[in-house]
Amino acid sequence: MLRRLERGARRSWRRLSMSLPTSLYPERNIVDLAALARLQDAGCRERRTRLSNWLVEVGLDGALITRPQHLTYFFGLRGWRSSPASGFVGRDGFGLISVGNSMGSDVYADETVRFDDSMFATTFEDRERAGLAALDIRLAKTKALGADCTDIAGQTITPISGHISSMRRRKYPDEVALISAAIAANEAGYRAIAPHIAPGLLETEVFALFQGAAIVAAGQTMGELGNDFRGGQPGGRPRPVPLVEGDLLPVDAGAVVANYFSDMCRTFAVSGTRAPVQEEAFGRVVHALSIAEDMIRPGVRCGTVFQEVASLLNSHRDDWRFDHHLGHGLGLDPVERPFINSGSNDIFEEGCTFTLEPGLYGDNLRGGIRLEQNYVIENGALRRLSNLPLDI
1 MLRRLERGAR RSWRRLSMSL PTSLYPERNI VDLAALARLQ DAGCRERRTR LSNWLVEVGL
61 DGALITRPQH LTYFFGLRGW RSSPASGFVG RDGFGLISVG NSMGSDVYAD ETVRFDDSMF
121 ATTFEDRERA GLAALDIRLA KTKALGADCT DIAGQTITPI SGHISSMRRR KYPDEVALIS
181 AAIAANEAGY RAIAPHIAPG LLETEVFALF QGAAIVAAGQ TMGELGNDFR GGQPGGRPRP
241 VPLVEGDLLP VDAGAVVANY FSDMCRTFAV SGTRAPVQEE AFGRVVHALS IAEDMIRPGV
301 RCGTVFQEVA SLLNSHRDDW RFDHHLGHGL GLDPVERPFI NSGSNDIFEE GCTFTLEPGL
361 YGDNLRGGIR LEQNYVIENG ALRRLSNLPL DI
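Take the sequence shown: its position 25, counted from the start at 1, is 25 in UniProt numbering, and no numbers get skipped.
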């Protein structure tokens, strides 16, 4: 199913691109990528059923869902994360969601209740309370209630966010399809900036070009792409500062499609060609990435992979260092479990999606090398989701 979704989305992107007139961006879409690869009704229903089975196990009668990520996960809700909505999942698997009338997003539920959240295009101040009020009858009948929020006036709740987080570790096919769509938008950003990286270009111009290309490729708006657009430094927010000849520019960014994130990094030589010492570091980081890929399978401890790769990178030269995490999970949050870090006891599991991002830094590298790929574990094996060449 997953491969079919991905192939269908790619065919649609290619067909649309061929029919478009000249554009500012070479990879533009006249449709929203999330409409081509969106969460499926069956996937949302299966996730609600899985939650309801757990509610029965722990003696809860229902669950109140308020976090935007969880509303997406169980009901397929799209739109701004500040949009008002609340959901309920009963121990029988029944799914109810209340959604503000200002939201045009389709949702998957057994019952949908709409409520007024604005008047004359002015939003009400207490929209969250209005969303909960739409569920009052159902909540009043629920004696043992779990919730992903901290408290509800007049009601005792059992926290369930930890369990939902553990559920989210194993991605469903419709989720991986959306992450793949976000990766496609991200890769469009890298392809857009690659021909223009040169001395004198402002870091803010790199960011603007990248963001514009990712948005146009995705066919939808998105939030900030990440923090790392600085020349001659390992990372940092873009500044109105020109790129300098001889520096390296690590661009670490992530696009988001229908609330699902990607996260990648490619390192550009501002002069167009890496110096010999930079080329040496690049090869070392590529090798480290390969070592990590070969180690990963279900049941392997994340801290073990980190330790192996960190030892490899930090033992090469005294004037180079690898001093950050090796990667992390991604999905409805840009950083989630598993954490591939020193001492991490997280385990690679079937269905988890994550990044690997080894790097090397030192004064003579003038910014350092970092390369980041995105992956999923399927059928007991590692599959890389990102397709952009490391040496773009």
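Glycine is no exception: its CB is placed at the ideal position from the N, C-alpha and C atoms.
| Asked | Found |
| --- | --- |
| Cβ pair count under 8 Å reaching 3, the segment 278-291 against the segment 198-215 | no |
| Own chain residues within Cβ distance below 6 Å of E336, not counting five before or after | G329 |
| Three-state secondary structure (DSSP) of T72 | helix |
| Counterpart residues of N374 in DSSP-defined beta bridges | T355 |
| Three-way DSSP call (helix, strand, coil) for Y108 in this model | coil |
| Boundaries (first-last residue) of the beta strand (DSSP E) holding R337 | 336-340 |
| Range covered by the alpha helix (DSSP H) that runs through V286 | 276-295 |
| Cβ-heavy atom distance, A255 to the ligand FAD, below 7 Å | Here there are no bound small molecules, and the ligand FAD is not part of this structure. |
| Entirely enclosed alpha helix (DSSP H) segments - the segment 195-265, minimum 4 residues | 203-218 |
| Classification of R366 by the beta-carbon crowding that lies within 10 angstroms, buried from 16 upward | buried |
| Closest residue to P173 among F306, Y260, N364 (Cα-Cα distance) | Y260 |
| Cβ of I347 within 8 Å of any chain B Cβ | Of the protein chains in the structure, only one exists, and it is not chain B. |
| Local Cβ density within 10 Å of E224, reported as buried at 16 or more and exposed below that | exposed |
| S86 - partner residues in DSSP beta bridges | S98 |
| Rounded C-alpha distance that separates R127 from P84 | For R127, the predicted structure reports a pLDDT of 49, less than 50, and the residue's modelled location is therefore unreliable. A value from the coordinates is still provided. If I take the Cα positions, the gap works out to 6 Å. |
| Contact under 8 Å by Cβ, W341 with G303 | The displayed chain sequence assigns Asn, not Trp, to residue 341. Yes. Within cutoff. |
| Classification of P334 by the beta-carbon crowding that lies within 10 angstroms, buried from 16 upward | buried |
| Supposed contact pair L71 and G87 - C-beta distance, whole angstroms, cut 8 Å | 6 Å |
| Through-space distance from F339 to E175, alpha-carbon basis | 19 Å |
| M119, buried or exposed, once every other Cβ within 10 Å from all chains shown has been counted against 16 | Legend: pLDDT at M119 = 47, less than 50; position of this residue unreliable, no value from coordinates given. |
| Cβ pair count under 8 Å reaching 3, the segment 229-239 against the segment 158-170 | no |
| Neighbourhood of A121 by C-beta distance below 7 Å, restricted to the same chain and skipping five residues each side | Low local confidence applies: a pLDDT of 43 at A121 is under 50, so the model's placement there is unreliable, with the coordinate-based value given in what follows. Same-chain partners within the cutoff: there are none. |
| Assigned exposure category for S262 - 16 Cβ within 10 Å defines buried | buried |
| Selection from N53, T112, F306, T267 that minimises the alpha carbon distance to V251 | T267 |
| Continuous alpha helix (DSSP H) stretch holding H163: start and end | 161-168 |
| L77 burial status per 10 Å Cβ neighbour count (16 or more: buried) | buried |
| Three-pair Cβ contact test at 8 Å for the segment 213-220 versus the segment 283-299 | no |
| Other residues of its chain near residue 404: CB distance less than 7 Å, five sequence neighbours each side excluded | Examination of residue 404 is not possible in this model, given that the chain is present from 1 through 392 alone. |
| Three-way DSSP call (helix, strand, coil) for Y361 in this model | strand |
| Buried versus exposed call for N227 [16 or more other C-beta atoms within 10 Å across all chains shown] | exposed |
| Integer Cβ distance of L388 from E187, believed to fall under 8 Å | 4 Å |
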